[in-house]
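Worksheet: the structure to be examined is printed underneath.
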Amino acid sequence: MRNTTHKEQEIENQKAKIRSEQEKIRANKRRLQQLKNQQRIQKEIELDR
1 MRNTTHKEQE IENQKAKIRS EQEKIRANKR RLQQLKNQQR IQKEIELDR
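Positions 1 to 49 (full-length UniProt numbering) are the ones given, in order, by the sequence shown.
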């Protein structure tokens, strides 16, 4: 393991946190898109009746 200073370790931890948050945001965007698609399909089904 390379010798990292306390400050470098803090920076790496912050970067990891940011990556984690970005992944959560991407997952939420995917979920939102799926919900929008579902709503659109439901509306189409109701219109076809």
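Note that the Cβ used here is the ideal one computed from N, Cα and C, for glycine as well.
DSSP state of residue i mapped onto helix, strand, coil
| i | result |
| --- | --- |
| Asn3 | coil |
| Arg49 | coil |
Cβ shell of residue i (< 6 Å), same chain only, five flanking positions each side left out
| i | result |
| --- | --- |
| Ile11 | none |
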